[in-house]
Each structure stands twice: as structure tokens, then as C-alpha cells.
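What follows is a single structure, written as C-alpha cells, with notes after it.
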Amino acid sequence: CYCTSRASQGHHCYKRIMSSNTKRGKIILFGDSITQMSFSAADCGWGAWIADRYQRRADVLNRGFSGYNSDWFLKFAATDEGKADLFDHDNVKIVTVFFGANDASDLELNPRHHVPLERYKSNMKEIASLARGNFGEDVNIIFIAPPPVCHDARLKFQKDKYKDKATGKLERTLDLSGQYAKALTEVAKELELPCLDVWTKMQDSSSSTKPWQEYLSDGLHLSAAGNKFVAEALIDLIDDLLPELAVTPCTYTGNINSSS
Numbered sequence: 001c002y003c004t005s006r007a008s009q010g011h012h013c014y015k016r017i018m019s020s021n022t023k024r025g026k027i028i029l030f031g032d033s034i035t036q037m038s039f040s041a042a043d044c045g046w047g048a049w050i051a052d053r054y055q056r057r058a059d060v061l062n063r064g065f066s067g068y069n070s071d072w073f074l075k076f077a078a079t080d081e082g083k084a085d086l087f088d089h090d091n092v093k094i095v096t097v098f099f100g101a102n103d104a105s106d107l108e109l110n111p112r113h114h115v116p117l118e119r120y121k122s123n124m125k126e127i128a129s130l131a132r133g134n135f136g137e138d139v140n141i142i143f144i145a146p147p148p149v150c151h152d153a154r155l156k157f158q159k160d161k162y163k164d165k166a167t168g169k170l171e172r173t174l175d176l177s178g179q180y181a182k183a184l185t186e187v188a189k190e191l192e193l194p195c196l197d198v199w200t201k202m203q204d205s206s207s208s209t210k211p212w213q214e215y216l217s218d219g220l221h222l223s224a225a226g227n228k229f230v231a232e233a234l235i236d237l238i239d240d241l242l243p244e245l246a247v248t249p250c251t252y253t254g255n256i257n258s259s260s
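First residue of the sequence shown: 1, per the working numbering; consecutive thereafter.
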């Protein structure tokens, strides 16, 4: 760690983590629309938070696919295009795996997106295996469980979007998303990998400063507040896993961007 002068006297701290012959590391985000939208400027996406936090430490690559479930992701990963897009990257330090919001769709009301629970668990293991196989055994894999579902907000979204054609039936529910969140924590425990259980953490009043429903923009996807919630929880987890990536705010300015 060394300090250079700030303007007239200040101190700008920069903790060096890369030797001159080491490439900057990468963080890759795998997931569905909640991940694709994580770079949203309008909603202060959680992926953008991560990229901002670790600038000069790691490049963040978004590989989220709106509408995808874990089945579709694996089918894409098996194609030449998918292999190049998802895995043709070097020096990957962290992979986040954030599926379940679509997989947990009701079988009868949304069979197109529904993935049976046991296959979902198997898919999560396969994605982890692919990450290790392509990025190396030392890559840090972080599972992220789907968020809770707010029924009232989903019904309002449905009515606003489909008007008179709205069915008034919920194809995604709090109970279903909870089952898939629980299943993912079981997979993470079995594989001895960390899991950010968003479903549980959001609803835990000791972890939240707002009613959890406010963390969702339409009852399913994250609002700006929800993106911040996920980002802060994920940053805490990353800093525990890889202390060398951790960014300490400048003692004098409180800034992190120029100090990372």
C-alpha cells in the first residue's frame, strides 16, 4: 500500500493487488433477467454496483439472459456460440450463478419456464462444474437464490400489462420461489460453496431497512432499492471470500472509486 499526495496536501491510498505481469481479474455474472438487468442505469443495477466497487480490481462481465431458466442456459452453454460467449475468458476470479426466478414458475400456468425442482438442483451443479472446468478449480463460485415474490405487485403488473386479458392467476408465487431458494442452499451446502440467500435475507427484518416488498419493482424483479440490497450483501460476501479484492474507503475523502 502506498500513498500519493492529494491536491494541496491530501492522501490518496491505493492498495496494490496486481503485480506488473498479472492481468486484471474478471467477475462473471451468470443468470436470467435479474442478472441481465443488473447493469441497468435506471434501476441502479446490482451488477453495476459490483463493477463500480471493484473498478481497477476486476472487470465485471454480464452474462444474464432475460427469460432464461437454467435449462435454456445449459442448452446455450452447449453450443459453440455459448461456449465462446460464456467461457472464453481468462483470469476469472468469481462466477455468480443467479437462477430460479423463472425455473420456479408454476407447472400448469407457465410450463414453458418451469423446471422441476430436482432438475433445477442438477442444473445448478452442472453450471458449477462447467465454471470449474473452464475457469479452473480455484475459481470462486457464488450461488444467489431467487428473491421472494410479492403477490399484490405481480397481480398489479399483470393487470397493467394485459388489461382485460389478465387472468388474475399467479404463475410465480412466494411459496414456489422459496422452494427453489431452499433447494439452492442445499446444493451450495453439498458442494461446499457460498450462497447468498436473497429470498430469506430480504424477508429478515434484521437484515432489511425497508419492507421487503419495496425491494421489488414488479413483484419479481429488483427495484433500485432491491439492487442496492443485493449488491451490498454480495460485496460483503466477496470481500470475505477474496480479501485482496476488498476496497477500503479513503481515510481522508471517504471515496472508494479512486482508491480501488
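Virtual Cβ for every residue (Gly too), placed ideally from N, Cα, C.
Problem - DSSP three-state assignment for isoleucine 94, whether helix, strand or coil - result: strand
Handout entry: Exposure label - valine 247; buried when at least 16 CB within 10 Å
Key = buried
Practice task
Look up phenylalanine 30 in the DSSP assignment and give the residues it is bridged to.
Solution key: Arg63 and Val97
Exercise for the section: Work out the CA separation of alanine 231 and aspartate 197 for me, nearest whole Å. Expected result: 13 Å
Handout entry: Endpoints, the beta strand (DSSP E) within which asparagine 263 is located
Key = The chain is shown only over 1 to 260; residue 263 falls outside these bounds and no answer can be derived.
Exercise for the section: Name, in chain order, the residues that DSSP records as bridge partners for alanine 58. Expected result: Gly25
Practice task
Give the single residue among Lys228, Leu245 and Gln213 whose Cα lies nearest to the Cα of histidine 151.
Solution key: Gln213
Problem - Helix, strand or coil at leucine 216 [DSSP, three-state] - result: strand
Handout entry: Where the alpha helix (DSSP H) containing arginine 172 begins and where it ends
Key = No alpha helix (DSSP H) contains arginine 172, which DSSP labels as neither H nor E.
Exercise for the section: Pull up the CB-CB distance for alanine 104 and arginine 172, whole angstroms please, since I reckon it's below 8 Å. Expected result: 6 Å
Problem - Rounded C-alpha distance that separates threonine 96 from leucine 174 - result: 23 Å
Exercise for the section: With DSSP as the reference, label leucine 109 as helix, strand or coil. Expected result: coil
Handout entry: Rounded C-alpha distance that separates leucine 176 from arginine 112
Key = 16 Å
Exercise for the section: Alpha carbon to alpha carbon, how far is tryptophan 49 from lysine 228? Give it in angstroms, no decimals. Expected result: 7 Å
Problem - Backbone secondary structure at leucine 222 - three-state DSSP - result: strand
Practice task
Go through its chain and collect everything with a Cβ distance to glycine 82's Cβ below 7 Å, but skip five positions before and after it.
Solution key: Phe76
Problem - Where leucine 242 falls: helix, strand or coil (DSSP) - result: coil
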